[in-house]
Amino acid sequence: MFRTLPARAIVPVAVAVTGFVIVCCILLYSVMKTDLINDTIIHETNLTDTVIKSARYAMLKSDRETLRNIIANVGDLQGVEHLRIFNKEGRIMFSVDPREVSRIIDKKGAGCIGCHAGPVPASSLGPMDRVRRFTNERGTEVLAIAAPIYNEAACYNAGCHFHTAGQKVLGTLDIGLSATPLQKTLALMRGRMIIFSVMVLILTVGGVAALLRRQIFIPLREITEFTSDINNGNLNRELTVSSGELSDLADGIRAVALQLRNAVEETEKLKKDLEQTKEQK
Amino acid sequence: MGNHPPESFQTDGSDKQKPSKPLENEKIRRLKARSNRTFYVMALFIALSIGAMRDFDFLPSFPPRLHELLGEPPSAGMISATLLLYSFSAIILILSRMMSGSGKYGGFTQVGYLAGFYLFFHFSGTMEEYFWAVFTAGMTILGLEIYQVWTWCREEIKIQEEILAALERNRHKDDKPGD
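As you go down the protein sequences, you meet chains P and Y in turn. End of the first sequence = 1666 in the numbering used here, gap-free, step of one. End of the second sequence = 525 in the numbering used here, gap-free, step of one.
Right, dumping it as structure tokens:
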């Protein structure tokens, strides 16, 4: 296959262009995926902060009923897979799922290990470090954020004197959103990039191959067949090539073929004359 | 490579040169061996890629002290940009070698660079995301290298065979008495 001129001209170009386009698409997709996930995390972090701020007054007044309502209302939002608040000891105090209440969270689990890796828990983490991804028991992929609820002056100065000033973190809000819309967007983006790449490859490789075929390979094949026929003794074949420099080559070959034909005709004529002379003698 | 007779001719004191067949074919054998060596490079890259696909889990992990010494790995974005630049320049280099008819070959060097990319992505923790990019770049570059060396070796082998055929014809002419 690689002996023919079309294969040797087109295959390297096709391989180079195809490989490079695929590498570019994979890298571009990865970069865009990272950006999309980061945007989703920022959106989720903002939602977490909104929930904490909304629940602040209820927590300050130790109004558990209102806090439970806030958790339930936010938990009803589309895409919210879980929402819970657990205290400093890791015990779930409020949750959308009532079965989880009073359960203790594993501090070494994903989402918690970021702060609790060492002997002294970290008091703050960047938004990207608070994120964890997992598939829940319903089979839904979840993007979860654990946001610490920090102690404030209003908290440790409150009349109930429940929290001391030395406590930095009072508890944690853990919210999990379904990653299904994100997955759908990524799949759509992936599909579009694949279609675009295929179109680019077809145009590039196909266009180059079509032009080469028309301008170079077909005229060369005609010239090759013509010279092959001349070699086999068929001197009466015609050659018509009109493709740039190849037409000059064809003219040259035609001239040589004409000279050869004339030489053969002359030789035949001389032979006949010689035979006639012999017969007359 | 010039069209000069191979140096394997032995003289027996007379004006006639007697070609030594094993030495004459040595060049062709070397060219064939060179052509086949490229497939070993591809096999090496595929083996490396299998390890990378598993994120090199069979290798012992570095101690934390060494991690601290090495510092933070470059970001995945920076490594990707470098990979793109490397792929582009490698492909251009190979295509220019094809155009100039050069027999130069950088197979093991390319595998070294690709191994470096695999390691950087491994240390940055983003191997799963970028494995296929490195693999596709490697297959493209090594595929073009193999094709370039293969076609160059074939052309050189053809030249050598034509030289050998011409020498054989001359030898037969010399051997025939009365010519």
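Don't be surprised by glycine CBs; every beta carbon is placed ideally from N, CA and C. None of the values given here were measured: they were computed from a predicted structure.
Contact note: Met444 of chain Y reaches chain P through Pro1397, using a C-beta cutoff of 7 Å and chain order. Leaving aside the five residues that flank Thr1612 of chain P on each side, none in its chain has a CB nearer than 6 Å to its CB.
The beta carbon of Ala1594 of chain P sits no closer than 9 Å to any beta carbon of chain Y. Taking C-beta atoms under 8 Å as the contact rule, Val1408 of chain P and Leu1586 of chain P fail to qualify, at a distance of about 13 Å. Taking the beta carbon of Phe434 of chain Y as reference, the chain P residues within 8 Å of it are Phe1405, listed in sequence order.
The beta carbon of Leu1412 of chain P falls within 9 Å of a beta carbon belonging to chain Y, placing the residue at that interface.
Across the structure, Asp1559 of chain P and Asp1482 of chain P are spaced so that their CA atoms are roughly 13 Å apart. Beta-carbon to beta-carbon, Ser381 of chain Y and Val495 of chain Y are separated by about 6 Å, close enough to satisfy the 8 Å threshold. When secondary structure is reduced to three states using DSSP, Ala1529 of chain P falls in the strand class.
Residues of the stretch 466-480 of chain Y with a C-beta atom less than 7 Å from some C-beta of chain P are Glu475, Tyr476, Trp478, Ala479, listed in chain order.
Proximity of Gly423 of chain Y to chain P, defined by a Cβ-Cβ separation below 9 Å, is satisfied. A distance below 6 Å between beta-carbons, with the five flanking residues on each side excluded, links Ile1615 of chain P to the following residues of its chain, in chain order: Ala1642.
Annotation for Ile1395 of chain P: Ala1594 place their beta carbon closer than 6 Å to its own, counting only its chain and skipping 5 residues before and after. Among the residues of chain P, none has a CB under 7 Å from the CB of Ile374 of chain Y; the nearest is roughly 18 Å distant. Closest in alpha carbon position to Phe1581 of chain P, among P:Phe1479, P:Thr1389, P:Cys1410, P:Thr1609, is P:Cys1410.
According to the DSSP assignment, Ser1563 of chain P belongs to the beta strand (DSSP E) that extends over 1554-1563. Counted as a single uninterrupted DSSP element, the alpha helix (DSSP H) harbouring Ile1603 of chain P occupies residues 1603-1616. For Asn371 of chain Y, the secondary structure class from DSSP, reduced to helix, strand or coil, is helix. Here the C-alpha atom of Tyr1442 of chain P lies approximately 30 Å from the C-alpha atom of Asn1423 of chain P. Cα atoms of Ile1601 of chain P and Gly462 of chain Y: separation of roughly 42 Å, rounded to the nearest angstrom.
Per DSSP, Ser1415 of chain P is one residue of the alpha helix (DSSP H) stretching across 1390-1445. CA-CA distance, Leu390 of chain Y to Thr1570 of chain P, rounds to 37 Å. With a threshold of 9 Å between beta carbons, Gly489 of chain Y makes contact with chain P. In terms of CA proximity to Met399 of chain Y, Y:Glu475 leads the group Y:Glu475, Y:Lys450, Y:Ile487, Y:Glu414. A residue is called buried when at least 16 other Cβ atoms come within 10 angstroms of its Cβ; Gln506 of chain Y meets this threshold and is buried.
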